[in-house]
DNA sequence: CTGGTGATGCAC
DNA sequence: TGCATCACCAGG
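Residue numbers (my numbering): 81 to 246.
Right, dumping it as structure tokens:
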């Protein structure tokens, strides 16, 4: 089980190190192969693509809280997307889990794993929804721009396991 | 490639 | 009250 300290670091480090880890929900599991980091600041500029850039709202509240919890939001009124809260409490930062082995897309991922907004704020270090270390084989990390955003479009904050399905 | 879907939060 | 948004699918 990944401990709280794993998540209490900068979102880019957490994002990169989440690759190869295994997301568990009950008896369902999947190896994480694609993630995106959403930050407070990046190289002196505010990350306006992050939901937390709008400040604390009922939706974004958890992003500013204790690391290692789930931020689940509804995308375009249809798809639920799973994020992991990073950074020490009080600082915004999260990692969007975009793909598992064999499951491409954040909306399809939550559907396949049975994750919904009911899991908003859930502690990922205990309970039925967790992230654990798996059988990690060596892999290379590829960094690319994030998908589907209109601001900060060129920042290399999407990380994928090289060779995994796109 | 285009449009429909339809919750949420903020600008107006 | 309107509109842009960290997708996805169906249909042509």
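Ideal placement from N, C-alpha and C gives every residue a C-beta, glycine not left out.
Query: Extent of the continuous beta strand (DSSP E) run through residue 118; Result: 108-118
Query: Residue 189 versus residue 143 - alpha carbon distance; Result: 20 Å
Query: Segments assigned alpha helix (DSSP H), at least 4 residues, entirely inside the segment 153-211; Result: 186-193
Query: Alpha helix (DSSP H) segment containing residue 94, residue limits; Result: 91-98
Query: Rounded Cβ spacing between residue 148 and residue 213 (contact assumed at less than 8 Å); Result: Contact doesn't hold; Cβ gap of about 14 Å is too wide.
Query: Through-space distance from residue 103 to residue 163, alpha-carbon basis; Result: 12 Å
Query: Unbroken beta strand (DSSP E) run spanning residue 238, endpoints; Result: 238-241
Query: Distance between residue 181 and residue 242 (C-alpha atoms, nearest Å); Result: 12 Å
Query: Closest residue to residue 121 among 198, 207, 201 and 174 (Cα-Cα distance); Result: 174
Query: Of the residues 118, 178, 233 and 217, the one placed nearest residue 171, counting alpha carbons only; Result: 118
Query: Spatial neighbours of residue 193 in its chain, beta-carbon cut-off 6 Å, leaving aside the 5 residues before and after; Result: 105 and 108
Query: Continuous beta strand (DSSP E) assignments of at least 3 residues falling wholly in the segment 130-155; Result: 150-155
Query: C-beta atoms of residue 152 and residue 195 nearer than 8 Å; Result: yes
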